[in-house]
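Residue numbers (our numbering): 5 to 152.
Glycine residues also receive a C-beta, built at the ideal position from the N, C-alpha and C atoms.
For reference, the structure is listed below as structure tokens.
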Amino acid sequence: MTDTADLTEVRVEDFLPQSPPAVWRALTTRELLAQWLMPNDFAPEVGHRFHFRTEPVPAARFSGVIACEVLELREPELLAISWADESAENDMATTVTFSLEAHDGGTRLTVVQSGYRADHPGDQMARTIMGSGWAGRIVPRLREVVQG
């Protein structure tokens, strides 16, 4: 389920039948993260700076390189990372937070990408793209990786 009412964030909630530690492993293991999100040089350490790499989208001023930093890490319940295009041409800067809660023998997952400027057309275009991306492609791929 995606909530689109708040112009400053994208929020996606889902239920995965696996335990929080199983979902956590897919969120914090570099190779598994690459399978459902993007190639990366992630390490589960607060303060670690890393990059995601994918195809650029020139029409959206997206360079294809996302500069990130691990902001918060509480195993197996919370991972927060900064998320910004590495290009100086795109000044959008957001935070992505993955919250995991044990629920009915599985995991309630909440993904929030926040920090979009409500009055900035570029941020709002990115919010629309990421809203459909998180809900339509990324979280379903995470589900597949967790299921093995």
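- Checking the DSSP bridge columns, you'll see Asp89 partnered with Ile70.
- Note on the stretch 100–136: there is no whole alpha helix (DSSP H) run with a minimum of 4 residues.
- DSSP lists Leu77 and Phe102 as the bridge partner or partners of Leu83.
- In its own chain, leaving out the 5 sequence neighbours on each side, no residue places its CB closer than 7 Å to the CB of Asp123.
- Within the DSSP bridge table, the entry for Ala97 names Ala88 as partners.
- Beta-bridge partners assigned by DSSP to His55: Ala71.
- Restricting attention to Arg141, Gly137 and Gly119, the CA atom closest to the CA of Ala97 is found in Gly119.
- DSSP lists Leu113 as the beta-bridge partner residues of Asp18.
- Between Leu11 and the set Gly135, Leu113, Leu104 and Ser23, the nearest pair of CA atoms involves Gly135.
- In the DSSP annotation of this structure, Pro43 is not part of any alpha helix (DSSP H), being labelled neither H nor E.
- Separation of the CB atoms of Leu113 and Leu20 is rounded to 6 Å, and the pair is thereby assigned contact status at 8 Å.
- Per DSSP, the beta-bridge partners of Val61 are Phe66.
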